[in-house]
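The structure under discussion appears below in the form of structure tokens.
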């Protein structure tokens with residue numbers, strides 16, 4: 004049988020983070036017989052080779068390849084691609100993880116749309132959700148510019164292997180930066196058929212503070228921008244439409260600023276800042292023609308103008324203006340409409356800049372008016388007149404689960420208005436959003452747990468993501484008056500930020516539970532949508548034994564329990580394609596075979612404990628006692 008998917012993982016001195024990735028692959032809804040995992044070790048110098056051997060020994064669908072150290076991910080990924088047998092291939096970092104339905108849903112989408120590339124939904128723990136324009140809707144036949152495909156240049160996507168081979172698309176090898184950008188530049192320049200899968204979370208990009216991330220490390224700007232320029236120029240070939248070339252320039256200019264964060268800019272020495280401006284100006288001169296400027300926000304246009312003049316003082320001023328920008332979106336009304344939570348919020352876009360910059364109505368046109376030397380130096384006069392009040396900024400609401408980083412857009416509509424209050428002109432972005440815990444996630448319910456309401460503010464082209472503030476007197480009664488299956492509750496954090504807690508009222512309950520050795524059989528109610536039962540080992544961080552999963556069919560499931568050691572516990576959950584993850588409820592009894600015991604936790608959830616094996620003498624004593632009792636009854 005042809006394999007559907009090959010997952011390629013470049014590995015080097017990976018440490019225990021690899022186990023988190025492997026556990027997420029253990030519980031994929033796609034059967035293990037239909038995908039493979041290729042772990043390519045780039046000459047690790049620690050105990051990683053032994054770990055990889057143990058991982059593969061317990062998983063027949065995992066293969067390990069070891070190569071001489073190349074120093075960077077490009078060569079091991081190319082080696083993995085050369086050995087891949089799947090119809091499609093996915094490139095994963097060793098320290099991230101997949102959602103349970105990722106491979107199946109991406110593959111099914113690819114086949115249904117005949118796609119060369121599938122952009123699965125990516126979330127990020129510890130940081131704002133990346134590529135937000137790609138998170139709003141599924142798109143079957145996405146277009147390069149209209150659907151923002153160039154904004155995502157990471158390789159955490161599903162690729163048709165034949166497409167990569169036919170176009171000779173491979174990673175740069177050796178000590179390089181941005182090999183993923185270069186790879187995606189080749190792929191997007193080859194006119195692929197692309198699908199966007201926003202309705203199913205696929206990949207969690209995990210931000211770690213311990214320096215272990217694959218992409219962590221100091222950036223030498225000259226070296227970095229040499230590779231950055233190459234990746235942008237791939238999408239500026241003369242054979243490509245001018246619309247694509249100009250959008251590549253605009254996206255490149257936007258991403259350029261990620262290398263020079265404004266909060267640390269002023270602390271750099273003058274010579275260092277001057278050298279950085281020289282490097283950035285070289286990129287702008289080569290890749291950002293003036294015809295692309297209108298695609299940028301006002302502040303980035305000002306920065307590009309300063310770079311074209313190699314003007315350090317003006318660029319310093321723009322960076323200071325960027326540093327000062329903040330936003331404080333606030334809920335003005337929160338109320339229940341049946342089982343839906345209606346949220347009206349707004350943000351005074353220029354409140355934090357009122358001593359620096361204001362907007363006035365000049366001859367019927369909104370015009371930026373500097374109030375400080377910084378703004379005067381940063382904003383050239385030709386950039387101060389805006390085309391409309393919407394050009395000042397906007398507000399969008401979403402919900403985000405803090406623990407997992409999973410974030411969803413809300414149904415909403417909004418506008419921007421202006422008025423003079425207390426002698427100052429205010430420009431307010433206002434939005435009305437609907438939070439439906441029962442069916443607000445592409446028609447599916449929110450998963451259980453605590454969700455934060457987020458405000459995504461755009462101001463003159465700069466983005467800020469903040470939690471939505473709420474006053475106590477704005478909160479409604481905690482729960483909806485009737486009709487919600489999710490037992491959702493509107494709450495305010497100690498810091499006065501709006502959230503929603505989704506209860507476990509809809510969680511499936513286990514009935515007719517039977518534990519026959521390592522096999523757990525049960526009937527689940529209610530389960531009306533596609534679902535997967537997942538068995539996860541607790542207190543098993545050091546284990547490489549696979550976690551297990553099984554589909555729920557017509558309300559019934561049989562799951563093979565993962566092998567455990569004495570004292571370890573297996574927790575049983577039900578997960579759905581949209582990321583819902585419910586512990587299975589259990590209130591009955593179940594006959595178990597030693598050393599396993601099925602039981603209900605203190606919150607009524609189903610778990611299985613591996614009991615300590617009795618000492619031999621104690622077991623013999625128990626048997627003799629039982630025999631004597633039977634004889635006595637006889």
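Residue numbers (the numbering used here): 4 to 637.
Where a beta carbon is used, it is the ideal one built from N, C-alpha and C, also for glycine.
Please read all numbers here as calculations on a predicted model, not as lab measurements.
- The three-state reading of DSSP puts residue 400 in strand, counting E and B together.
- Across the structure, residue 152 and residue 253 are spaced so that their CA atoms are roughly 13 angstroms apart.
- Nearest to residue 245 by C-alpha distance, out of 258, 279, 192, 275, is 192.
- The Cβ atoms of residue 495 and residue 473 sit closer than 8 angstroms to each other.
- Rounded to the nearest angstrom, the gap between the Cα atoms of residue 427 and residue 357 is 9 angstroms.
- Nearest Cα to residue 141 within the set 229, 62, 444: 444.
- Unbroken alpha helix (DSSP H) runs of no fewer than 4 residues, entirely contained in the stretch 291-331, are found at 301-311, 315-327, following chain order.
- Cβ contact annotation for residue 477 (same chain, cutoff 8 angstroms, sequence separation greater than five): 334, 335, 336, 337, in chain order.
- The Cβ neighbour count for residue 423, taken over all protein chains shown within 10 Å, is under 16; the residue is labelled exposed.
- For residue 385, the secondary structure class from DSSP, reduced to helix, strand or coil, is helix.
- Going by DSSP, residue 265 is part of no beta strand (DSSP E) but of the alpha helix (DSSP H) stretching over 265-268.
- DSSP places residue 411 in the strand class (E or B) of the three-state scheme.
- Pairing residue 155 with residue 470, the inter-Cα distance amounts to about 24 angstroms.
- In the displayed model, residue 509 falls within coil according to three-state DSSP, outside both helix and strand.
- Separation of the CB atoms of residue 306 and residue 321 is rounded to 4 angstroms, and the pair is thereby assigned contact status at 8 angstroms.
- In this structure, the CA atom of residue 63 is about 45 angstroms from the CA atom of residue 260.
- The secondary-structure analysis by DSSP pairs residue 601 across a beta bridge with 611.
- Residue 463 sits in coil when the DSSP states are folded into three classes, being neither helix nor strand.
- By a beta-carbon distance limit of 8 angstroms, residue 9 does not contact residue 37. Their separation comes to about 11 angstroms.
- Per DSSP, reduced to three states, the secondary structure at residue 112 is helical.
- Within the model, the alpha-carbon separation for residue 251 versus residue 239 is close to 7 angstroms.
- In the DSSP assignment, residue 574 falls within the beta strand (DSSP E) that extends over 572-578.
- Contact annotation: residue 286 and residue 231 have beta-carbon atoms nearer than 8 angstroms.
- If you look at residue 156, you'll find it isn't in any beta strand (DSSP E); DSSP assigns it neither H nor E.
- Counting along the chain, residue 84 sits inside the alpha helix (DSSP H) bounded by residues 77-86.
- Taking a contact to require three or more Cβ pairs closer than 8 angstroms, the stretch 584-599 and the stretch 546-557 do not qualify as touching.
- Residue pairing from DSSP places residue 339 in a beta bridge opposite 344.
- Taken through DSSP and simplified to helix, strand or coil, residue 559 comes out as strand.
- Residue 148: not part of any alpha helix (DSSP H); DSSP gives it neither H nor E.
- With contact defined as three or more Cβ pairs closer than 8 angstroms, the stretch 453-465 and the stretch 291-300 are in contact.
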